[in-house]
Amino acid sequence: MQKHSQYRQPFINSNRAALAKLSTLTLLLCSCAGLTVVAQTVSEEPKASQPMQRVLQIQSGPLEPALIEFQRWSGQPIQAPAELLRGRQTQGVSNGHSFEAALKALLTGTGLHAQRDEKGQLVLQPAASLDVAADTALPEVTVMGSSLETDLQKYPGSVTVLSQDDLSRTSSVIEAMAAVPGVTTGGDSGRSTGQQFNIRGFGYQSEDRVIVLQDGVRRSTALFSNHISTFRSDNDLLKRVEIVKGASSVQHGGGAIGGVVAMTNKEASDFLPQGKEAGVATKLRYEHNNYREAYAAAAYAPADKPVELLAYVKRGTTGDLTMSRNYGRSASGEDIDKVDNDEDLQVLFLQGAVKPTPDQRIALSYYDYQLDNETTWQTLYHSNYSSVTGPVKGKLRQRDVVAKYHYSAPDVTWLNVNASAYHSKANYDRGYAYTNTNNGVLTDLSYDNIDKRTGLRLSNEAFFQSGALKHRLIAGMDYEKRREDAVYLLNGELSDFGSMPNTYKDLGVYGHLESTLLNDRLVVQLGGRYDRFDRSVDRHEGGYRGSHFSPRIGASLEVASGLNLLANWSEAFRAPTPHETSSEGPLNPHYWYVPNPDLDPETIRETEFGVSYTKYALLTPGDVLRTKLMLFNGRIRDMIALKETRTEELSPQDSPYASYVNIDRVKRRGFEWQGAYERSLFGFGASYAHLKQTNQATGLNTPQSFADKLALNGYVRPAHGLKLGAEVTHWRKPKQNPQTIRSGGTTYWYVRDDFTITNVFADWTPNPAGQGAFGRDFSIRFGVNNLFDATYINARDVETTGRIGKGRNVYLSMQTRF
């Protein structure tokens, strides 16, 4: 496909500006590096008040000497009786961690956790004695926000981390995200293959504006067709999920306009009981709204041997789903409250790792997700099987092979290397066959969407000082080649989409510098990423290509103990897809698509301001109060949208012509707040989110209206090993603009109500400190999602929609380790 000269000119101008910005950033980084060399030359030995110059390299072994070495490195005293440490082993820790994350890693698997007393002093205590997890007294950290481990309270952006505890209460990541501020879900029929989501205004039907990663492998959630929406992930296999909202995470490349969802897989040690080298973990889960699953994992991870092995398998099945109320009538006049559905899940995960030296780790993993289903053609919108074709039978599959390498130099602080290479293939193959009872004609339809990716990621993290400044610098690059195809066969005849098959090639180079001064009270973040992209469609000669530089600057200032002021400015972009430039013909019943090869990339510039406060030992030793508010204001330029064209004409199928075009600027503004108070016996939290996104030319909300969301949660620990909790999510009445939509000669009102969903749960570990009749760490989780069988309609839908949310769902799960 030959690009027009008008398309190339904006890139020439933007490249000049980008090169100027890149040169400035490079000079700044080189200056910092030069200052570092001078500082290290002047002083051969690091001062005790400058712990960031020291090398952190603690091997696995007894905890007591390891803790002494850790205190030397950090410069912070940690109180712990000798008898408490005696006999306990640590897995060790090395460079690449902030203080909080390093301490958490050091204590992992020891049965101890750190708490701050009323004076702010860190004290080690047995985790089981207080019935709390080992990390509740330490700050949560974000890794994906800047690729450096950073305290969430000091990160100048909006990030939420879902823990394994959060993930355990649902059967999918998208459902677990429902209460996260800045995220909306629920505009679907409840199937695991079709779950709507939206992050800061984008998600389903605009997946290229949100980056979804699992172990560094990017996902296409809809696989082009928009007939599905799924992360193809397994909650029980995930260690944590980070959700970065907005454009602050620029180092992940094009597409992070709405945000980033980063899922991290577990390793062998995550399935082992404390102190065990090998073992088996199992879990059973039952949901009365027609879902059940079971997994088994075998793990081997001795602390004193250089080998780790993990094998994990899961089976799950979902049947017809009961909705929160009747949403329609059948042909015979009966009320309908069920969604037709049949899904059978299989997951296989294999992982092996070796440590050639204590400073290196090489890992290889294979992930295979397969779901066989009988569903509808459009899994989100269509509730019941067609009376003509019957169910659509399909197979959804995701396969990832990932190789990882880590090296942390034992004698230097500037060499901490991570590298990964991956190959993945995802596809959704479905179809139906039926015979017309009137004329005996057979209709046979098969449709397969295919997405293949091969990529490489390389980064290095350095710790250094220049005078009174402490620095962390991460520099890296990544490359991905993606092949996308769609095979649509109707009675053996192949349809041409115009934009298939196609190839994406993306190369990015990035750097992020974090500098701290004023006794660590001021943290300044300066980063940027330079991207080159190349897109081509097989049926056209040539292609289209371009480049973009995405800068970012952020800062946090501790103005009083625990009180931080936060600020961030960043720019992100998204290149046009081959579908937007090259789609042609009657791809659906609604429009006849017209190609537009002259599209420009979308860009967003977003400013965020906020404040956070953290107070340890507020009312009693060991408790903590955390709260954070972020306000954001952004402008999206040259946003791409499908618009009717050639309005005076009708296509050969009597449908309007349509083409993707760059519309005027889009304005995005709002705020996200969350807070929590936690102590050993109880805790509670709340969050509130507001988002308004409008087309500045028309004043209309785009791509939809959004409802303000208030989420409340709380828990108590009435007995040893028992935790009871509740979650309430309330969506306020949305301010719709436009308020109605006209279709088929009928006017429909967008939803004008508020909604509330309540969930309750109970977690019970009968013997949290040792072996029981059902193995180690045996636990039971019981809960009810949507306790009051209430309706929830996403603000994007009309009042008469059948997408009203799943009904009451009672679940019970049991898991143990041997």
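Just so you know, we're using the UniProt record's numbering here: the sequence shown kicks off at 1 and counts up by one. Virtual Cβ for every residue (Gly too), placed ideally from N, Cα, C. Note that this is a predicted model, so its numbers are computed, not measured.
Between Gly-670 and His-690, the C-beta gap is smaller than 7 Å, which places the two residues in contact. Residue range 442 to 466 is occupied by the beta strand (DSSP E) that includes Phe-463. Nearest neighbour of Lys-505 by Cα position, chosen from Leu-167, Lys-266, Arg-535 and Lys-667, turns out to be Arg-535.
Ala-102 sits in a helix when the DSSP states are folded into three classes. Under the three-state reduction of DSSP output, Arg-325 falls in the coil class, being neither helix nor strand.
Here Leu-415 has Ala-409 as same chain residues with Cβ atoms under 6 Å from its own Cβ, once five neighbours each way along the sequence are excluded. Assignment of beta strand (DSSP E) within the segment 707 to 733, counting only whole runs of 3 or more residues, yields 709 to 719 and 722 to 731 in chain order. In the assembly as shown, Lys-628 is a buried residue. Its beta-carbon has 16 or more other beta-carbons within 10 Å.
In the three-state reduction of the DSSP assignment, His-288 falls in the coil class, being assigned neither a helical nor a strand state.
The alpha-carbon separation between Val-487 and Leu-494 amounts to approximately 7 Å.
A straight line joining the alpha-carbon of Thr-581 with that of Val-241 spans about 33 Å. Counted as a single uninterrupted DSSP element, the stretch harbouring Gln-739 is not any alpha helix (DSSP H), since DSSP gives it neither H nor E.
Collapsing the DSSP output to three states places Val-250 in a helix.
Exclusion of the five residues before and after Val-280 leaves Ala-298 and Phe-818 as the residues of its chain whose Cβ lies within less than 6 Å of its Cβ. Asp-448 is positioned such that its CB atom lies closer than 7 Å to that of Asp-429. DSSP, reduced to helix, strand and coil, places Trp-414 outside both helices and strands of the structure shown, so it counts as coil. Pairing Arg-200 with Leu-442, the inter-Cα distance amounts to about 46 Å. Taken in chain order, the segment 183 to 221 contains no complete alpha helix (DSSP H) segment of 4 residues or longer. Remark: C-beta atoms of Asp-444 and Pro-501 do not approach each other more closely than 7 Å. Contact between the segment 389 to 402 and the segment 367 to 381 is present: three or more C-beta pairs spanning the two stretches fall below 8 Å.
The beta-carbon separation of Ser-561 and Val-523, rounded to 16 Å, does not stay under the 8 Å limit for a contact.
Counting along the chain, no alpha helix (DSSP H) covers Phe-224, and no H or E run does either. A distance below 6 Å between beta-carbons, with the five flanking residues on each side excluded, links Asp-664 to the following residues of its chain, in chain order: Gln-696 and Ala-697. Excluding sequence positions up to five before and after Arg-605, its CB lies within less than 6 Å of the CB of Glu-571 and Arg-635, all in the same chain and listed in chain order. By the Cβ rule, the segment 792 to 801 counts as touching the segment 747 to 767, because three or more pairs are nearer than 8 Å.
If you look at Trp-764, you'll find it isn't in any alpha helix (DSSP H); it sits in the beta strand (DSSP E) that goes 755 to 764. Across the set Asn-759, Trp-592 and Ala-105, the C-alpha of Trp-592 shows the shortest separation from the C-alpha of Gln-653. Taking C-alpha positions only, Ile-174 is separated from Gly-182 by approximately 13 Å.
The Cβ atoms of Met-630 and Ser-158 lie closer than 7 Å to each other.
Taken through DSSP and simplified to helix, strand or coil, Ser-330 comes out as coil. Note: Thr-142 is bridge-paired with Thr-150 in the DSSP secondary-structure output. DSSP lists no bridge partner for His-579. For Gln-346, the closest alpha carbon among the candidates Val-784, Arg-532 and Ser-233 is that of Ser-233.
With respect to the 7 Å criterion, Asp-188 and Leu-456 are not classified as neighbours on the basis of their beta carbons. Glu-644 is bridged by DSSP to Ala-658.
Minimum Cα-Cα distance from Gln-739 among the listed residues Thr-729, Leu-724 and Asn-701 corresponds to Asn-701.
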